[in-house]
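**Student:** In the working numbering, the protein residues as written are 207 to 460.
Glycine included, C-beta positions come from ideal geometry on N, C-alpha and C.
Since the model is a prediction, treat every value here as computed from it, not as a measurement.
One structure coming up, written as structure tokens, with questions to follow.
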Ligand code: PEP
């Protein structure tokens, strides 16, 4: 029996006005209303969170923020805190996406602080990890992933670890149309699970959901999800239309 419930999240990145976001989620709700066996999440921009939150109330879709700051309130112009994200209706928060690491100076240390602050208010963090192409080609994939997992998740309790999802997103596969093969992805997912054994209880290690991200679409989702350690997907481009995202969510039923 698979103890890990599939989790499919759409990261809308810096796309959609409020009205476009509302249109998208309305269409999506119609298309996935019957889905009961999968956690479905959308991550709109901060400006659209409130409107989307109102639309999805009572539905089978959960809300995530794409990032968060680690302080609760104060003189941090432009930042958004975990209690604010919680207050607007988010259940999840994506933390450490490679675009934040690449363009906004996110480090494993800041990611750790953001996870800690999010857990403190009851948010469920989705921690993104993944190697760059040069790192893969230099044979460093496992070293990079091991360091990311250890530094980002160091020191959390068993209960806290139980609230976290990991998204493995090889940077070379994000937005490039180049998906890792199911075997390449499974190899890293299995490695992440093994590494978790060094920092948490075996039950938490087995229960932790590990999503794959990187050019996931309706054609490759089935083969990815068939892998024993792939428990879901974090979807960028293909989450921007209700048709393609709903087909990914319903992969088992097509
Ligand atoms: C992402 O940004 O999390 C992602 C995986 O993007 P894409 O699906 O577009 O590759």
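Residue 230 and residue 452: beta carbons closer than 8 Å?
**Tutor:** no
**Student:** Between which two residues does the beta strand (DSSP E) carrying residue 358 extend?
**Tutor:** That residue, residue 358, is in no beta strand (DSSP E); its alpha helix (DSSP H) goes 347-359.
**Student:** Please work out which residues of its chain come closer than 7 Å, Cβ to Cβ, to residue 459, disregarding the five sequence neighbours upstream and downstream, and give them in chain order.
**Tutor:** Any reading at residue 459 is ruled out, since the residue's pLDDT is 42, under 50, leaving its predicted position unreliable.
**Student:** Taking the alpha-carbon of residue 321 as reference, which of 406, 359 and 310 has the nearest alpha-carbon?
**Tutor:** Nearest C-alpha to residue 321: 359.
**Student:** Taking all protein chains shown into account, decide if residue 213 is buried (16 or more other Cβ within 10 angstroms of its Cβ) or exposed.
**Tutor:** Buried is the call here.
**Student:** Comparing the CB of residue 219 with every heavy atom of the ligand PEP, is any distance shorter than 7 Å?
**Tutor:** yes
**Student:** Please name the residue, chosen from 414, 335 and 361, that lies closest to residue 349 on a Cα-to-Cα basis.
**Tutor:** 335
**Student:** For the ligand PEP, is there a heavy atom less than 7 Å away from the beta-carbon of residue 375?
**Tutor:** yes
**Student:** Cα-Cα, which of 441, 297, 264 and 343 is closest to residue 373?
**Tutor:** If you compare the alpha carbons of 441, 297, 264 and 343 with that of residue 373, the shortest gap goes to 441.
**Student:** Could you give the residue range of the beta strand (DSSP E) that holds residue 377?
**Tutor:** Premise fails: residue 377 is in no beta strand (DSSP E) and is neither H nor E.
**Student:** Near residue 301, which residues of its chain fall below 6 Å by C-beta distance, leaving aside the five closest residues on each side in sequence?
**Tutor:** 317, 320, 321, 331 and 333
**Student:** Whole angstroms is fine: what's the gap from residue 266's alpha carbon to residue 242's?
**Tutor:** Using only the alpha carbons, I get a separation of about 7 Å.
**Student:** So residue 327 and residue 292 are in contact, right, with Cβ under 8 Å, and what is the actual spacing, rounded?
**Tutor:** 5 Å
**Student:** Whole beta strand (DSSP E) runs in the stretch 362-428 with 3 or more residues, listed along the chain?
**Tutor:** 371-374 and 416-419
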